[in-house]
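Asker: Be aware that the sequence shown starts at 1, since it is given in the UniProt record's numbering, and climbs by one per residue. Each residue gets a CB set at the ideal place from its N, CA and C atoms; glycine is no exception. The structure displayed is predicted, hence computed values, not measured ones. Structure incoming, see below.
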Amino acid sequence: MLAKFIDHIICFFTAFITGVRPQRLPENPMPTVYYANHHSHGDFILVWISLPQNLRLCTRPVAGADYWQQGRIRHFIANAVFNVLLVDRNSENPQQAIETMSNAIRKGENLIIFPEGTRNLGEEPLQPFKSGIYHLAKQQPNIQFVPVWIDNMKQVLPKGAILPIPLMCQARFGDPISLQDGEEKADFIERSRQALLALSPLNKE
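Rendered as structure tokens:
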């Protein structure tokens, strides 16, 4: 009960300061991985509240255990409120994170991931993608990947900030892509990256 109440409060507060609302997204029976650019720890919340309620119930953000397991508040928010799928980013076995995500997909859960691997604190619009998105696609060939471009979250909750700054944000959803037969790792990573970059407002000018 408390976790659900806090979920509503966080989502309402985030929607209030950013203007983001749930969007109408096409129904698709395929398991879906939403992948987005990454500037802030609040990014997954923005994607989360942009999803319609029926999709929120079966979608889990993927995040680093090293951050979200620090302190009781973060631990509670990650585990009880948003049901975050925690992965060990410092593991000596990178395949472990892929297995964790694959197991969630097999259970019928959708995921929210950030293929850059870490927050983008530079001036480039998008960092190079890590190879995890390819390995997940390779292990689960029947899933679709939906790019989501997040506008302005870097200004709303910059690194080190405690309180967010009210500013209009937007989550732009693109067309789904999937790994093609025989597609090489570098080609899929670049294609998925370009699909996300295409949603940037800089490419709309």
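(1) Taking the alpha-carbon positions, what's the I45 to R56 distance?
(2) Per DSSP, N110 forms a beta bridge with which residues?
(3) What residues match up with P147 in a beta bridge as DSSP calls it?
(4) Out of F16, Q194 and I6, which has the shortest C-alpha to C-alpha gap to M168?
(5) By alpha-carbon positions, which one of L202, N90 and R89 ends up nearest to D151?
(6) Assign F173 to one of three DSSP states: helix, strand, or coil.
(7) Ends of the alpha helix (DSSP H) at L199?
(8) Using the DSSP secondary-structure output, state which residues sit across from G64 in a beta bridge.
(9) Looking at L126 and N37, is the spacing between their C-beta atoms short of 8 Å?
(10) Looking at C-alpha atoms only, which residue of I113, L121 and E124 is the closest neighbour of Y134?
(11) Would you tell me roughly how many angstroms separate the C-alpha atoms of N93 and A63, rounded to the nearest one?
(12) Quick test of your reading: N28 and Q144, contact by CB under 8 Å. State the CB separation rounded to the nearest angstrom.
(13) So the alpha helix (DSSP H) Q139 belongs to, where does it begin and stop?
(14) Keeping to the same chain, check which residues put their C-beta closer than 8 Å to that of C11; ignore five residues upstream and five downstream.
(15) Can you give me the C-alpha to C-alpha distance between A198 and F173, rounded to a whole angstrom?
(16) Quick check: V146 and P176, are their CB atoms within less than 8 Å of each other?
(17) Whole angstroms are fine: how far does the CA of E109 sit from the CA of residue 210?
Answerer: On the basis of the data shown:
(1) 11 Å
(2) T59
(3) Y35
(4) F16
(5) L202
(6) strand
(7) Segment: none, L199 is in no alpha helix (DSSP H) and carries neither H nor E.
(8) V87
(9) yes
(10) I113
(11) 17 Å
(12) 7 Å
(13) G132 to Q139
(14) I45, W48 and I49
(15) 11 Å
(16) yes
(17) The chain is shown from 1 up to 205; residue 210 falls before or after that span and cannot be answered.
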